[in-house]
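Quick note on our numbering: the sequence shown kicks off at 10 and runs consecutively. Just so it is clear, CB atoms sit at the ideal spot from N, CA and C, and this is done for glycine as well. Please read these numbers as outputs of a predicted model, since none were measured by experiment.
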Amino acid sequence: MIKLIKPYISFNEVKNEYEEIFDSGWFTKGKFVEAFRNEIKNYTGAKYAYLTTSATTALTMALKALKIRAGDEVIISDFSFPATANVVEEIGAIPIFADVSLETYNMRPEELENKITSKTKAVIFVDALGNPSGIHKIKEICQKYNIPLIEDGACAIGSSENGVKCGNIADFTCFSFHPRKLLTTGEGGAITFNNDNYVEFFDIKLNHGAKLENGKFDFVDFGYNYRLPELQCVMGIKQFQKLDQIVASRNEMKIQYKRALEVLGYKIQKLSINVIHNVQSLVFVVPKEINRDKLVKYLKGKGIESTIGTYCLSNTSYYAHKYNDMQVNAKYLEKTTITLPCHDDVDVMYITTQLKEYK
Ligand SMILES: Cc1ncc(COP(=O)(O)O)c(C=O)c1O
């Protein structure tokens, strides 16, 4: 089976550090945690980076840092993984679904402006499948209305717009290091930001509510443990060292796919000018006459793993039932997009030939 993604990390790359960690018995809150945080800061250009167990916990912490409460409205991109809406729902706030562009799959600026009310307390812009196209325009609107912008950059490590890396554009950016992502720690996440005012919040909240005062810990607040262990941070550090190379090779493969498939009527996810896309997922809208689900089954029969682009959140059973606010473009993309394998072991010729032969 040709898999959708293959991790860019081997045991050989981590084994020396793993031995060191096992020998020392120092499994958490050590030098690899600090080194991984520094890699994230250096790479993205963000002033602060905190590690979390996932993008979901990072997004939750961003909402908590902004003091989003029950009844507040949070406008979110509607084409995403359900975690984007779930974090809003979990704290009792109301997710307001903003429709997306059929070209970039990202939140449309007009949609955002139409949906802002006096109850809007934050915006979550999703870099759909790693593509940050349009985020600066969304940032401009958020600034105009004085609304904080959270970037759900779960898929976007390595991407940038206008020469600014994801992680250094919005008020907060949340990354995922799940195995479907380019850089994986098994599970894991991070949150980045530049505003000094949030440092104490994250220092305390991500350490069980404890504050170090006069050499003694005092539990000054309630807090959480969303830490990443040392072993996982070693994995992250190793992949950072080759991230740009990974992004470049995925972009080369994207060109090969595009050349072969656009003539068959497949439409690739578009980028704005000045965007570098990490190609976290390589996604096309299938030609009109093709049923995407049948195509996924056909490819499976040919030994090729493929899947949908991602979800229309307002069309998932829970959110459709509760809010009845389905967005047209996001629903269309949910039905018509396909993600194809993209990594070093992929034979693009084989896959595109199978697609050409599909009737
Ligand atoms: C856009 C988006 N946001 C959030 C998440 C959740 O990430 P995690 O699994 O790290 O919690 C995902 C996961 O795929 C995602 O694609």
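Please classify N371 as buried or exposed, where buried requires at least 16 neighbouring CB atoms within 10 angstroms.
This structure cannot speak to residue 371, because the chain is shown only from 10 to 368.
In the DSSP output, which residue or residues are listed as bridge partners for P104?
V83
Using the C-alpha atoms, what's the distance from E298 back to N234?
50 Å
Skipping 5 residues on each side, what residues in its chain have a beta carbon closer than 8 Å to that of T62?
E196, G197, G198, Y235, R236, L237
Reference T113; option with closest CA among E99, G310, A67, G143:
G143
Just tell me which of I85, A92, G224, R117 has its CA closest to the CA of F106.
I85
If you run the structure through DSSP and keep just helix, strand and coil, what is E271?
helix
Once DSSP output is grouped into helix, strand and coil, what is the label at F231?
coil
Contact check, A179 vs F90 under 8 Å by CB: the rounded distance?
So it is not a contact: roughly 18 Å between Cβ atoms.
Can the beta-carbon of K153 be found closer than 8 Å to that of E82?
no
Between the Cα of P350 and the Cα atoms of S326, T316, K340, H330, which residue gives the shortest distance?
T316
Alpha helix (DSSP H) segment containing T361, residue limits
357-366
Buried/exposed call for Q248, threshold 16 Cβ in 10 Å:
buried
Counting along the chain, where does the alpha helix (DSSP H) carrying C151 start and finish?
144-154
Give every residue of the same chain whose Cβ lies closer than 6 Å to the Cβ of K174, excluding the five residues on either side of it in the sequence, and list them in chain order.
T53, G54
Looking at the strands, I want to know which residues DSSP matches up with T182.
E160, T201
Between D227 and F186, what straight-line distance do the alpha-carbon atoms span, to the nearest angstrom?
32 Å
Selection from K220, I255, Q336 that minimises the alpha carbon distance to D354
I255
Going by DSSP, which residues form a beta bridge with L291?
L349
DSSP puts N2 in a beta bridge; with which residues?
Look at the range of the chain in this structure, 10 to 368, and you will see that residue 2 is not part of it.
I'd like the list of long-range same chain contacts for L158, defined as Cβ closer than 6 Å, with 5 residues on each side in sequence excluded.
V132, K148, C151, A179, D180
In the DSSP assignment, find the beta strand (DSSP E) that holds E222 and state where it starts and stops.
219-222
Beta carbon of C242 nearer than 8 Å to that of A71
no
Pop quiz: A74 and Y207 are said to be a contact at Cβ under 8 Å. What is the actual Cβ separation, rounded to whole angstroms?
5 Å
Three-way DSSP call (helix, strand, coil) for I285 in this model
strand
Please identify the residue among H286, F293, N287 whose C-alpha is closest to the C-alpha of K276.
F293
Which of the three DSSP states, helix, strand or coil, is assigned to N276?
Reading off the sequence, residue 276 comes out as Lys, not Asn. Correct three-state label for K276: strand.
Proximity of I166 and L192 at Cβ, strictly below 8 Å
yes
Could you give the residue range of the alpha helix (DSSP H) that holds Y307?
301-310
Segments of 3+ residues assigned as beta strand (DSSP E) that fall wholly inside the stretch 34-81
57-61
At what residues does the alpha helix (DSSP H) containing N95 begin and finish?
92-99
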